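Plus 208 on top of the position in the sequence shown (first one is 1) and you've got the working numbering.
Glycine included, each C-beta is placed from N, C-alpha and C at the ideal position.
Given the structure is predicted, the values throughout are model-derived calculations rather than measurements.
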Amino acid sequence: MSIPFPLELVLTALRSERRQVVDISGVDADVLAYLTVALHGRSGRPVVIVVPDLADAQRVANDLTFFAGESLRVVHLPTIEASPYGDLSPDRAAVMDLCAQLALLAWDQAGAFTVVSAEGLCRKVMPKDSLVERSFLVVVGSRFDRDACLRALADGGYHAVSTVEDPGTFAVRGGIVDVFPPHLPKPVRIELWGDDVESLKTFEPSTQRTDGQTLKELMLPPCREELLVAPYRDRARAGILEAGANLGLPTRKLLPMLEDLQNGIPFMGIEGFRPAFHEALVPLTDYLPTDALFVVFDPLGVADRWSSLFDTRQAEHLACVAAKIPSMPVEAHQLHPGELHRLLNARPVLRAHVLQLGVPGLELNHADEAPTVYEGPEDAIRFSVRGNGDLSSALTLSRGDKEPLRPLATAVREWSALGAVVVISCRQETQLDRLERVLRGYGVVVRRGVGAPRDYLRPPAAESEMGAILVQGDIGGGFRLLEHGFALVTEDEIFGRKTSRKRKAKADAGSPFLQNFRDLNPDDFVVHAEHGIGKYLGLKKLILGGNESDFLVVEFAGKDKLYLPVYKLGRLQKYVGPSENQPRTDKLGGAAWQKVREKAEKSAEEDAYALLELYARREASVGHAFSKPDDYYRAFEATFPFEETPDQERAIEEVIADMGRERPMDRLLCGDVGFGKTEVAIRAAMKAVVDAKQVALLVPTTVLAAQHHRTFRDRFSQYPIRVELLSRSVSPEKQREVVRDLKLGRIDILIGTHRLLSKDVVFRDLGLMVLDEEHRFGVRDKERLKEMRENIDVLSMTATPIPRTLQLSLGGVRDMSVITTPPADRLSVRTYVCRVTDVLIRDALLRELSRGGQVFFVHNRVQTIEARKAYLQALVPECRIVVGHGQMDPEKLEEVMLDFTEGRFNVLLSTTIIESGIDISNANTMLVDHADQFGLAQLYQLRGRVGRGRERGYCYLLVPGEAALTGDARKRLGVIQQFTELGSGFTVASQDLEIRGAGELLGTRQKGQVAAVGLDLYAQLLDDAVHRLKGEPKKVEFEPEINLQVNARLPEEYLPDNHTRLVFYKRLASAADEEDVLALAEEMTDRFGPLPGPVLNLVEVMRVRTLGRYVGLNSVDYAGDRVAFTFHPQSPFPVDAVMRLVSAPASRFVAPAEYKLYYQFSPDEKRETLSSTRICLQRLAEFVTEAADVLEAMA
209 MSIPFPLELV LTALRSERRQ VVDISGVDAD VLAYLTVALH GRSGRPVVIV
259 VPDLADAQRV ANDLTFFAGE SLRVVHLPTI EASPYGDLSP DRAAVMDLCA
309 QLALLAWDQA GAFTVVSAEG LCRKVMPKDS LVERSFLVVV GSRFDRDACL
359 RALADGGYHA VSTVEDPGTF AVRGGIVDVF PPHLPKPVRI ELWGDDVESL
409 KTFEPSTQRT DGQTLKELML PPCREELLVA PYRDRARAGI LEAGANLGLP
459 TRKLLPMLED LQNGIPFMGI EGFRPAFHEA LVPLTDYLPT DALFVVFDPL
509 GVADRWSSLF DTRQAEHLAC VAAKIPSMPV EAHQLHPGEL HRLLNARPVL
559 RAHVLQLGVP GLELNHADEA PTVYEGPEDA IRFSVRGNGD LSSALTLSRG
609 DKEPLRPLAT AVREWSALGA VVVISCRQET QLDRLERVLR GYGVVVRRGV
659 GAPRDYLRPP AAESEMGAIL VQGDIGGGFR LLEHGFALVT EDEIFGRKTS
709 RKRKAKADAG SPFLQNFRDL NPDDFVVHAE HGIGKYLGLK KLILGGNESD
759 FLVVEFAGKD KLYLPVYKLG RLQKYVGPSE NQPRTDKLGG AAWQKVREKA
809 EKSAEEDAYA LLELYARREA SVGHAFSKPD DYYRAFEATF PFEETPDQER
859 AIEEVIADMG RERPMDRLLC GDVGFGKTEV AIRAAMKAVV DAKQVALLVP
909 TTVLAAQHHR TFRDRFSQYP IRVELLSRSV SPEKQREVVR DLKLGRIDIL
959 IGTHRLLSKD VVFRDLGLMV LDEEHRFGVR DKERLKEMRE NIDVLSMTAT
1009 PIPRTLQLSL GGVRDMSVIT TPPADRLSVR TYVCRVTDVL IRDALLRELS
1059 RGGQVFFVHN RVQTIEARKA YLQALVPECR IVVGHGQMDP EKLEEVMLDF
1109 TEGRFNVLLS TTIIESGIDI SNANTMLVDH ADQFGLAQLY QLRGRVGRGR
1159 ERGYCYLLVP GEAALTGDAR KRLGVIQQFT ELGSGFTVAS QDLEIRGAGE
1209 LLGTRQKGQV AAVGLDLYAQ LLDDAVHRLK GEPKKVEFEP EINLQVNARL
1259 PEEYLPDNHT RLVFYKRLAS AADEEDVLAL AEEMTDRFGP LPGPVLNLVE
1309 VMRVRTLGRY VGLNSVDYAG DRVAFTFHPQ SPFPVDAVMR LVSAPASRFV
1359 APAEYKLYYQ FSPDEKRETL SSTRICLQRL AEFVTEAADV LEAMA
């Protein structure tokens, strides 16, 4: 018997003066958000949801956002996981987020819903008055104390940077302050007019351009709770001294902490003294709305978490006391469980219990849930909810059928017939498109939902509305309340569980050389196209003819210096070459560079010829044209357990399009480990198998073969597709069986090492070959590959980045797909900088092992690695440790990696050999020994090995005590602490990887030529050679000298950051036409404020330069009352135009000699020589355009 929907009973009970606590049962995580939104809609009261753990909090917050839509705000208060007794720096992003959310609550900007974990609710926070006092309010039209604002930002934990890209950073440029408050999705540009705030505009971090959105006011909360200013600092000093005195410690033992505190430096372990900075921390409930309804989900789980956490913290505090480590009592940091219960009991509370399966009168059918104990009291209000486990099971069973989604279509029809609104949610628009196409094919009425689900939770008004409503959104799980006209099905229940990946805005790639200029520092090597390799010394301001100009100073051999005008930066590139080869500088004006360049040009021509020959041969070949993707393929596509990144989607489309042509595919797919290359190969394999063709996947190592075999087998497990493995890890008997069945056509996909290249391995009908890391195969294997790949489609994959300059040069002769968008779960790895202690290492290892995961422990000293193993084994006897390092026999190392990959060991103690090429989704914790001795690029590579699966990744950067650190190490550690998230503000030194990638693409024989002239110039030479060999006419590049005797530059007062000035000089010098120059002027105005006189002059000079290049000039010279134009002998300017200009009535043009043209200024024009010169050149440019139009018409 169904029970009436009990929402009204709940509301009535909550309104009753006799009942402060109301119990409901039959509510699981899937329906909690739906119920909460419904309660808010009927009562109008804000709701605070308390859940047992972090995963529950994240899920409920996501579900609430789905049901409530954008109009109702959901606040998710983050949990600070780091213990105050562990010398562990908490995750900076989480701390900033918490401060921001508390600030919003303090400013009465509470959301309709607030979600917090049990641990988050018991942690005390800074007083509301302190938070408001240390926040800074900026209002448009009001007076602005710039210095006070900058002080508040620095004191509040914001980092000063040159370019604002990450939350918690700020930058200052004259009358502009850029700041990224942690509570906003984008940074804000504060534009000043004198001492007043003129505007507040949000801008894109990737482009630094404003996006058209404005604010009326901006509140800037602090980014940390430890406020390093008086009186908070003085209070903290007293607290530290008291903690030391309680342990009988002399003051000298506390001096390092006290000195850092006095200097405003957050010392390691400062979070343990967080309560000392304030008179007293307060309960989180002080910030929450007084009229809020509290919903406690799984109340016994919440209470257990409070008790266990308090006991753990007590034990940690006692351990600190025993070890004479200064610390503060547990009650200073968090509430006692009894106090928590007292605080909650003073408010209206709805306790939501999970119900035991089979309780009379209730229907609950969640096939994937273990039975739970019924916790509700006898008078609990009971809900009747049905899960979608039965539907998921039916869809799983039908996955390999020709109509895999037929069970879904049937269910939609049945539920609609009962009068229910059926909502189907998908995270991506592409998934909705696939689902809509398939369901319409089954005859199901489908429409797209507009707005939040709460906006259309009503029965269908007409038969035409019956069917499915497709909604884009992220929701944890579906359920059915058919008696009340609602059913929700998620894409995970249809296609299998997916991992959601939030999209990160992708930076505009721009010119391939610009990134190098962003990283250009004094003493870096540069390459000048005419003069060779020199050393960049910096920007220098010179006064010539009474006018100021900036020059790049480049030092060549013999200390000779070249002063390069900024408009000629197009001739200069940063030297990118192998780090082991420091280049020698060339002699300025010497002949040696020309010989080096000629040799490199010859080498580039050989490369271009080889590539063009391969391209022509491939174009002439005929292979199999695969059919277009059908619904069966689309349904398989939809089962991908992640959301495709934009690059991944594009790569898949390119591969499938290649396979649809008769010409055999030969495509190179580049992307870091874990960026999604394997799924591209899986889609291609599925397309081949659907067309009854066999697939070979060839990899260089047994470990990679086993990884790919496991991935392919899992993806095709629900389909009638046979995937087999062939490598030395397979028994001889099984190998014989595989070889026999392959020849008979019984195997669809074969994955293996070079064993696949043996003569006895014969495919019945091979249609696709996938090569992973082909460069790692030997010469003999590559020769065999040449034989096998004739007339079949080939997809080559590499994890080594291919330089973008080469990508552009080879665009017309090499099919290439590049995946550069990292999956967002990379960005969710919690990164901690912490001192090495036994307690911390043991807790970190056991935390991962307790959730069934594996651990990387990086110890980069082979001599002491065995001693480290003995230490870890004694510290954590529960772990199974295996050691791997580069000095081991290759076969032994491969065996070690395979054993770890297959779970025979749960801790891999290794050197940095794991920084690339390994993808183990079950390994989600990493500890890096002596992290202060690593470079940032290495730490980035290492950290990328964890957090690849569904579990959150943790990376512990272990460092010695601060007293043991050198000055340089202390600086490096400061940088690591500043960018623990290693996000967009973090520049990775990748040139060694790019050199390796260039070698793989072009062949290692050219490595010497790349080193001789630098990668970027070699790529340019290769591009020239490709065009030349294609018979395309060489385009003459004109580079006029500009001598207009004006003060034209980017002053330091306008643009104080040297790197940014350099980048804008480079961008202006690289501008192709006037339109590009004007766009840059607009961008500078947007980013840095109105252009001062010297910058306006520079913009005009650059406009003159682009026009001079178009007209074909050698120089533009100002001489008294006239300007002289000198033409290049190959200028496109028509000869007859000179006569027309000179002979025109009242002409002020004079042609005194061949290739020369003068223009005499009028008195008015002489007052504006720059703009007059530009207007004159625009007139000359019209003649060139006219002549080009005539030639085009004749052609």
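Can the beta-carbon of residue i be found closer than 7 Å to that of residue j?
i       : j       : result
Gln542  : Cys330  : yes
Ala914  : Met977  : no
Leu1288 : Arg1257 : no
Asp1023 : Arg875  : yes
Gln902  : Leu974  : yes
Asp1001 : Met867  : yes
Ala1219 : Gly742  : no
Asp403  : Arg351  : yes
Going by C-alpha distance, which of the options is nearest residue i?
i       : options                              : result
Pro413  : Glu406, Arg397 and Asp404            : Arg397
Gly1297 : Leu400, Arg963 and Lys803            : Leu400
Glu206  : Glu691, Pro1300, Leu780 and Gln1062  : There is no way to answer for residue 206, as the model of the chain reaches only from 209 to 1403.
Arg441  : Glu932, Gly472 and Phe1341           : Gly472
Ser535  : Met465, Pro491, Phe502 and Trp514    : Met465
Asp839  : Val1037, Phe848, His917 and Lys610   : Lys610
Ser600  : Ile702, Leu469, Glu945 and Arg963    : Ile702
Val1070 : Glu1056, Thr1120, Leu1385 and Ala269 : Thr1120
Gly681  : Gly704, Arg656 and Gly675            : Arg656
Tyr650  : Val620, Arg1112 and Ser1004          : Val620
Leu1304 : Val1319, Tyr1318 and Leu1286         : Leu1286
Lys1364 : Thr1334, Ser1351 and Ser1339         : Thr1334
Ala241  : Pro254, Ser325, Asp271 and Glu1291   : Asp271
DSSP on residue i, reduced to helix/strand/coil?
i       : result
Tyr1148 : helix
Pro1360 : coil
Val1221 : helix
Glu571  : For Glu571, the predicted structure reports a pLDDT of 32, less than 50, and the residue's modelled location is therefore unreliable. A value from the coordinates is still provided. Glu571 falls in the coil class under three-state DSSP.
Leu222  : helix
Gly420  : strand
Glu577  : Below a pLDDT of 50, predicted positions are generally treated as unreliable, and Glu577, at 37, falls in that range; no measurement from the model is reported.
Met536  : coil
Cys307  : helix
Met334  : coil
Pro773  : strand
Asn999  : coil
Gln902  : strand
Leu435  : coil
At a Cβ threshold of 7 Å, is residue i touching chain D?
i       : result
Pro1300 : Looking for chain D here will not work: only one protein chain is present.
With a cut-off of 8 Å, do at least 3 Cβ pairs link the region 301 to 318 to the region 339 to 349?
-> Verdict: yes, contact present.
Counting only runs that start and end within the region 1243 to 1298, where is the alpha helix (DSSP H) found for 4 or more residues in a row?
-> DSSP runs (the alpha helix (DSSP H)) wholly in the region 1243 to 1298: 1266 to 1277 and 1282 to 1296.
The region 788 to 800 contacting the region 747 to 760, beta-carbon criterion three pairs below 8 Å | Judged by Cβ distances under 8 Å, the region 788 to 800 makes no contact with the region 747 to 760, as fewer than three pairs qualify.
Taking three-plus beta-carbon pairs below 8 Å as touching, is the region 446 to 462 in contact with the region 413 to 424?
-> No, the region 446 to 462 does not touch the region 413 to 424.
The region 684 to 698 touching the region 627 to 635, judged by at least three CB pairs closer than 8 Å = The region 684 to 698 makes contact with the region 627 to 635, as at least three CB pairs between them are under 8 Å.
Counting pairs of beta carbons, one from the region 480 to 490 and one from the region 228 to 237, are three or more of them closer than 8 Å?
-> The region 480 to 490 vs the region 228 to 237: no contact.
4 or more residues per run - each alpha helix (DSSP H) lying fully within the region 607 to 649 = Runs found: 614 to 625 and 637 to 649.
Answer yes if the region 428 to 435 comes into contact with the region 354 to 366, meaning at least three C-beta pairs across the two stretches below 8 Å, and no otherwise.
-> Segments in contact, yes.
Spell out a yes or no on whether the region 376 to 392 and the region 1246 to 1253 are touching, meaning 3 or more CB-CB pairs, one atom from each, closer than 8 Å.
-> At 8 Å Cβ cutoff, the stretches do not touch.
On the three-pair Cβ rule with 8 Å, is the region 1304 to 1322 touching the region 1271 to 1289?
-> The region 1304 to 1322 vs the region 1271 to 1289: in contact.
Entirely enclosed beta strand (DSSP E) segments - the region 1061 to 1135, minimum 3 residues = Counting whole runs of 3 or more residues, the region 1061 to 1135 contains the beta strand (DSSP E) stretches 1062 to 1066, 1089 to 1092 and 1115 to 1118.
Could you give the uninterrupted runs of the beta strand (DSSP E) lying entirely in the region 222 to 307, keeping only those of 3 residues or more?
-> Annotation note: the region 222 to 307 contains the following uninterrupted beta strand (DSSP E) runs of length 3 or greater, listed N- to C-terminal: 229 to 233, 255 to 259 and 282 to 284.
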